[in-house]
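Following: one structure in C-alpha cells, then a few remarks.
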Amino acid sequence: MIRFLAAATLALLVLAMPAAATEPRATGGLGLIVERATGSVLLVDRMAHETLARIDGLGDLSHASVTFSPDERHAYVFGRDGGLTQVDMLEGRIKARVMQAGNSIGGAISDDGALVAVSNYEPGGVRIFDAATLELVADIPSGGKTVGLVDLPNRRFAWTVWETGTVWLADLSGAAPVITDLGHAGLNPYDAVLSGDGRHYIVGLFGEKGLTLFDMWQDTPEPVRFLDDYGREDAEMPVYKMPHLQGWALTEGQFALPAVGQHALLWVERATLAQVGRTALHGQPIFAVAQPGSPYVWVNFALPHNDTLQVIDSRTHEVVTTLTPGAAVLHMEFSPRGHELWVSSRDGNRVFIYDTHSRTVKAELEAQSPSGIFFTARAHRTGL
Amino acid sequence: MHNAAALCLGVALAGLGTAPATAEISAARAAALEHVVVQDCGSCHGLVRKGGLGSPLTREALAHAAPEALAAIILDGIPGTAMPPWRALLTEAEALWMAEYLLKEPAQ
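As you go down the protein sequences, you meet chains A and B in turn. Number 229 in the working numbering belongs to position 229 of the first sequence; there are no gaps in the numbering. So the mapping is simple: the working numbering equals the position in the second sequence, first residue as 1, plus 1000.
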C-alpha cells in the first residue's frame, strides 16, 4: 500500500514537473491488469514487479480486454458496457474514452496502429475507430453478436457471428471498406483465434462438435472443418464458462485446443488437422497457452476447478505439474520470452508471478478482483 | 468418473448438499451466493446484469418471472443454449435464494 501510494505520488510529481526535468521512461516493461468489479486497471511494471498506478473510471470491465499501439504508448481497453478507453501508459491516465455501443466483448488494432476495431454484442457487429481520436471510421452490422475478432495484415480484420456462424473479413486498406462473407463456420461459434503468422483463423464451436479453420493466406479462404467427432463417446459436462482461444498454444507443430464440455486438451497436427493426442485434465480448460521458448503449455480451468493450473509437455502430452495458485484463476500472461508467468486470482485478490522454470511463486501483487493481464509486448503480435 | 468428481466437488462447494428446499441460507452462504451471482453469472450476463452472451438479468428484464421458474432454469439450464445446469454446484434452496435475489436486488 505504501509502495502504491509512493508510486501514485511519484506519478503526480512526474505529471507536475516540466518535461525537461523528467527522467526518460520506456514502456516495454509495462502492462495493465483489469480489475473487473471496480472498473479500474492497474498500471504495472512487470520487470520491477510493482504497481505504478490505479486508473479508475473505465466502466463495466467484466470480460474486458486490452490491445496496445505499436509504439506501446497507448492501451485500448474494451469494456463490457461498450466503453472504449484509451489509456496513456506513460502518464498513467485515461486520455480518451467513448461509449461506442451497449455491450461489447473485445477488440483489435490494425497492423499499422491506425485503426481500432471493437466487437459488439449489442447492437452487434463491429465498429472501427481512428486510433488517435477514437472517431468512428466504419460501422459494420453483422447480424448478431460478434466473437473472435482479430487483426490481419494490411489493415484487415476478421470476426465471427455467434447466432449465424458466419465469418466476415473487412479490408480497410483502400478508400472504402471492403466486407467479404467467408462462409459458415458452424453452430454457435464461441471464439476464434489467428495463428501468429497470420495464416490460420480457427473458430471454436459451442453448438456442435468440431472447429473450423480458414487459411487466410489464400486469396479466397474457405471453411475447413476438423475434430468433427471429438469425444463423442464421452458424456457431456456442463460448460460453466466458455473456453477462450486467444492466447492459444501452437507448439511442436500442433495446436493445443480446449475441448468444450470435457476435461481435456486436444492435440491437432497443424499440417494434417488430424487429432494426435488427448490429455485428460483436472477440469474444463479455459486458456491453453504455450510458454515461449519451451515445450510447455499452461492451462487454467472453469469453475468449480478454477483454483488450479496444469502444465503439459507438448512432446508427450502428459501433465507434468499441477499448481493451485488461489481462488478463481481467470487469466495468465507470459513475459514475452517466457521466463515469468503472471496469474490473476480473482477471489484471492492477488496476482501471482511465477518463475516458469522452477514453477514457484517469486512475487505477488495485490489487486481487486483481477482478471485479464496484458503486457505491452502484445503490440508486436499479429492476431491479438 | 469425471461426473463423480464434479459431483463431489459440487457438494463440497454447496456445503448444504442435502438441505431441503425450504432451508434457511446462512449469512455466510448468502454472501458466497451473491458473489457467484455477480462474478460467475456475470461472466455471461454482465456484472451489472445487462447481458452478454447470456440474456439480461436486470429486475426489469425479469419483471414477470416467477422465482420458482428462475430457480428451475438455474438448476437445469436451458438445453440448446449456453446456459448450463448448475444442479451439481447448487442446492434447490440455494437456486431459489439466487432467483429471489435477482428479482429483489438492483444490480450494483
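Beta carbons are placed, not taken as given, at the ideal position from N, Cα and C, and that holds for glycine. Please read these numbers as outputs of a predicted model, since none were measured by experiment.
Which chain A residues are close to residue i, counting only those with a beta carbon under 9 Å from its beta carbon?
i, result
"B/Lys1050", "Asp60, Arg80, Asp81, Gly102, Asn103 and Glu122"
"B/Leu1089", "Pro238, Tyr240, Leu303 and Pro304"
"B/Ala1028", "Correct list: empty, because the minimum Cβ distance to chain A is about 15 Å."
Strictly under 8 Å for the Cβ-Cβ distance: is residue i near chain B by that measure?
i, result
"A/Arg25", "no"
"A/Arg278", "no"
"A/Ala132", "no"
"A/Tyr230", "no"
"A/Met17", "Since pLDDT at A/Met17 reaches only 47, below the 50 mark, its modelled position is unreliable, and the value read off the structure follows with that caveat. Chain B contact via Cβ: absent."
"A/Ala192", "no"
"A/Met242", "yes"
"A/Phe287", "no"
"A/Phe206", "yes"
Taking the alpha-carbon positions, what's the residue i to residue j distance?
i, j, result
"A/His184", "A/Thr212", "9 Å"
"A/Leu387", "A/Leu115", "Residue 387 of chain A falls outside the range modelled here, since chain A spans only 1 to 384, and no answer is possible."
"B/Leu1102", "A/Asn154", "47 Å"
"A/Asp229", "A/Gly210", "7 Å"
"A/Gly124", "A/Val319", "39 Å"
"A/Phe334", "A/Ile373", "9 Å"
"A/Arg80", "A/Asn103", "5 Å"
"A/Thr160", "A/Ile286", "19 Å"
"A/Leu172", "B/Leu1053", "28 Å"
"A/Glu168", "A/Arg97", "Before going on, a small fix: residue 168 of chain A reads as Trp here, not Glu. So the alpha carbons of these two residues sit roughly 27 Å apart."
"A/Ala280", "A/Ile105", "30 Å"
"A/Val193", "A/Ala170", "16 Å"
"A/Ser294", "A/Asp313", "9 Å"
"A/Thr146", "A/Ser110", "17 Å"
"B/Ala1099", "B/Pro1067", "5 Å"
"A/Val289", "B/Lys1104", "41 Å"
State yes or no: is the C-beta of residue i nearer than 7 Å to some heavy atom of the ligand ZN?
i, result
"A/His339", "Within the structure as shown, the ligand ZN is missing, as the structure has no ligands at all."
Chain B partners of residue i, CB-CB under 8 Å?
i, result
"A/Arg346", "Gln1039"
"A/Ala37", "Val1038, Gln1039 and Leu1047"
"A/Lys145", "Leu1053"
For a contact meaning CB atoms closer than 7 Å, what does residue i contact in chain A?
i, result
"B/Ala1099", "Residues of chain A passing the Cβ test: none, with the nearest at roughly 18 Å."
Find the residues of chain A that neighbour residue i, judging by a C-beta separation of less than 8 Å, and give them in chain order.
i, result
"B/Gly1042", "Ser62"
"B/Ala1082", "Asn188, Tyr190, Phe206, Val239 and Met242"
For chain A, is any of its Cβ atoms less than 8 Å away from the one on residue i?
i, result
"B/Leu1033", "no"
"B/Pro1085", "yes"
- Query: Just by C-beta distance, which residues in the segment 292-304 of chain A are closer than 8 Å to chain E?
  - Reply: Among the protein chains in the structure shown, which are A and B, there is no chain E.
- Please confirm if the segment 121-138 of chain A is in contact with the segment 1072-1087 of chain B, defined as three or more CB-CB distances below 8 Å between the two stretches. No, because fewer than three Cβ pairs between the segment 121-138 of chain A and the segment 1072-1087 of chain B fall closer than 8 Å, the two stretches do not touch.
- Is there contact between the segment 86-102 of chain A and the segment 61-75 of chain A, where contact requires at least three CB pairs shorter than 8 Å? Flag = yes, the segment 86-102 of chain A and the segment 61-75 of chain A touch.
- Query: Are at least three pairs of beta-carbons, each pair with one atom in the segment 1050-1061 of chain B and one in the segment 254-262 of chain A, less than 8 Å apart?
  - Reply: With fewer than three CB-CB distances shorter than 8 Å, the segment 1050-1061 of chain B does not count as touching the segment 254-262 of chain A.
- Item | Any 3 or more C-beta pairs closer than 8 Å across the segment 352-361 of chain A and the segment 310-330 of chain A | Yes, since at least three Cβ pairs between the segment 352-361 of chain A and the segment 310-330 of chain A fall closer than 8 Å, the two stretches touch.
- Message: Please give the ranges of any beta strand (DSSP E) in the segment 113-179 of chain A, keeping only runs that are unbroken, at least 3 residues long and fully inside the region.
- Response: Qualifying beta strand (DSSP E) stretches, in chain order: 115-122, 126-130, 136-140, 146-152, 156-161 and 166-171.
- Query: Counting pairs of Cβ atoms below 8 Å between the segment 23-32 of chain A and the segment 362-371 of chain A, do you hit three or more?
  - Reply: At 8 Å Cβ cutoff, the stretches do not touch.
- So does the segment 1023-1036 of chain B actually touch the segment 38-55 of chain A, counting three or more Cβ pairs closer than 8 Å? With a cut-off of 8 Å, the segment 38-55 of chain A and the segment 1023-1036 of chain B do not count as touching, because too few Cβ pairs lie within range.
- Unbroken stretches of the beta strand (DSSP E), 3 residues or longer, contained in the segment 276-344 of chain A: Counting whole runs of 3 or more residues, the segment 276-344 of chain A contains the beta strand (DSSP E) stretches 285-290, 296-301, 309-313, 318-323 and 329-334.
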